[in-house]
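A short worksheet on the structure shown next.
In full-length UniProt numbering, the protein residues as written are 1 to 367.
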C-alpha cells in the first residue's frame, strides 16, 4: 500500500502540485502496525484532482475531499484547508482552501495524527508529535477545550485512540472531555455507533469501557455501563451487555444477534435447545459473557442430534400424507413437537422411530 501511495504522490508532483500521505497511516507505520486507510493532503483542489485522475474512478466529493480508487486501493484525498466556524458540534460550516500544509495540519484533532510522508517515503513531523508518540499520549493540536467544543466526536475519537493504541490521555484533554461532554447530545447516533463499534472491536475494549465510565459518558451515549462488562470476540457481545438506546440503528443481522444473545443471557443457561434455536456463534459469544468454557459449547453443538428442521428424518410431505392434514397449522405444532423430543433425546432421529411416534401420537388420536 505504501508503494501505491508514493506512486500517487509522484503523480501530483508531475502535474505541478504537492501532496503528502497524512495521519493514521504514517502514525501506524511508525508504530509498526498494519493500516489500511490512506489519507493524502494536497494543494490541488478537487477540480484539479479530477483533472489529474480523469482515468481513475472517483466515487465521491465532500468537504473538499475526493475518494479515489487506485489499483484496487481506496484513498481519501483532501485539499489543504482551514475550517472556520463549526456547526452541530461536528462539521465546519465553511472551509477555505490554503496552499500551506502546516495550516492544514493545525486544524486536525490530535498531534499523533499530524505525521506526513513525502513522495520519497520520508516522515515529516511539522508539529513535533514524535515526543507524544514516544510517550504514548493523546494530545490535541492546540487548545484542547477549543478542539472538543468545535467537534464533540473528538471526545469519542480520543477514547478510541487511547483504547486501540493503548495510549493515555493528556491531562488537558481529560479536563476538556468533562467540560464538553454535553456536546455528545448533539451527535447523531449513527456517528456514536461508528466510534463505539471501533472501541468495542478492540482487543483492549475494557480500557475503553473504563474510560467511558470514568468520564460518565453513558447517559450522553445512551448506553448502560454501570456494571461489569465482559470482553467478547465480537462487538455485538458488548452491545448486548450495554443495553443501547432504541435510537441506535442496527442492521437486521445485528438486531437478530443482539436479541438472541440477550434472550440466552436472560435464561442464564446454554442447553441443547438454546444451541439449536440460536446457533453455535450466538451461544459462543453468550458463553464468553457467562464465563462458560467455549470448547464445551462447540462440543455440545457438534453433538446435537439435529441442527435444523431439515435434519429431521421424516419429511413434512410425508407427515401431511400420513395424517391427511388439511390444516397446515397443525403441521407446525407437530414439527415443533418432534424438534423438542429429538433435542431432549426422548426420540431417536430415525425415520422408523419418528413414523411410529407420529402414528401413535397423532394419527390414532385423530381416528
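All C-beta atoms in this analysis are idealised placements derived from N, C-alpha and C, irrespective of residue type, glycine included.
Given that a residue counts as buried once 16 or more other Cβ atoms are within 10 Å of its Cβ, and exposed if not, what is residue i?
i: residue 34; result: exposed
i: residue 359; result: exposed
i: residue 120; result: exposed
i: residue 150; result: buried
i: residue 148; result: buried
i: residue 221; result: buried
i: residue 20; result: buried
i: residue 227; result: exposed
i: residue 109; result: buried
Please report how far the alpha carbon of residue i lies from the alpha carbon of residue j, in whole angstroms.
i: residue 111; j: residue 279; result: 45 Å
i: residue 171; j: residue 212; result: 16 Å
i: residue 283; j: residue 296; result: 11 Å
i: residue 203; j: residue 173; result: 24 Å
i: residue 181; j: residue 209; result: 16 Å
i: residue 275; j: residue 306; result: 10 Å
i: residue 201; j: residue 82; result: 33 Å
i: residue 199; j: residue 189; result: 15 Å
i: residue 144; j: residue 187; result: 19 Å
i: residue 177; j: residue 196; result: 16 Å
i: residue 317; j: residue 353; result: 17 Å
i: residue 262; j: residue 160; result: 25 Å
i: residue 124; j: residue 102; result: 11 Å
i: residue 36; j: residue 80; result: 22 Å
i: residue 11; j: residue 131; result: 32 Å
i: residue 24; j: residue 253; result: 30 Å
i: residue 98; j: residue 224; result: 44 Å
i: residue 175; j: residue 54; result: 47 Å
i: residue 357; j: residue 277; result: 23 Å
i: residue 4; j: residue 31; result: 20 Å
i: residue 319; j: residue 333; result: 12 Å
In chain order, what residues of the same chain lie with their CB nearer than 7 Å to the CB of residue i, ignoring the 5 residues before and after it?
i: residue 258; result: 236, 239, 240 and 250
i: residue 77; result: 40, 42, 49, 65, 66 and 68
i: residue 127; result: 105, 111, 114 and 141
i: residue 367; result: Any reading at residue 367 needs caution, since the residue's pLDDT is 48, under 50, leaving its predicted position unreliable; the model's value is listed next. None.
Less than 8 Å between C-beta atoms, sequence neighbours within five positions excluded: which residues of the same chain meet that for residue i?
i: residue 17; result: 42, 43, 44, 48 and 52
i: residue 349; result: 305, 306, 311, 312, 313 and 342
i: residue 28; result: 34 and 35
i: residue 347; result: 338, 341, 353, 354 and 357
i: residue 395; result: Shown here, the chain extends from 1 to 367; a query on residue 395 therefore has no answer.
In this structure, how does DSSP classify residue i when only helix, strand and coil are distinguished?
i: residue 190; result: helix
i: residue 124; result: strand
i: residue 97; result: strand
i: residue 318; result: helix
i: residue 79; result: strand
i: residue 149; result: helix
i: residue 138; result: strand
i: residue 15; result: coil
i: residue 170; result: coil
i: residue 253; result: helix
i: residue 232; result: coil
i: residue 248; result: coil
i: residue 74; result: strand
i: residue 65; result: strand
i: residue 129; result: coil
i: residue 380; result: No answer is possible for residue 380: it lies beyond the span of the chain, which begins at 1 and ends at 367.
i: residue 117; result: strand
i: residue 38; result: strand
i: residue 110; result: strand
Can you find the residues in the same chain that come closer than 6 Å, C-beta to C-beta, to residue i, ignoring five residues on each side of it along the sequence?
i: residue 22; result: 39, 41 and 116
i: residue 248; result: 189 and 193
i: residue 15; result: 52
i: residue 368; result: Absent from the model: residue 368. The displayed extent of the chain is 1 to 367, so no value can be given.
Less than 7 Å separating the Cβ of residue i from some heavy atom of the ligand ATP?
i: residue 250; result: The model depicted lacks the ligand ATP and carries no ligand whatsoever.
Below 8 Å, can you find three or more Cβ-Cβ pairs linking the segment 278–293 to the segment 231–246?
-> The segment 278–293 is in contact with the segment 231–246.
Evaluate the contact criterion for the segment 255–272 versus the segment 212–226: three or more CB pairs, one atom per stretch, below 8 Å.
-> Flag = no, the segment 255–272 and the segment 212–226 do not touch.
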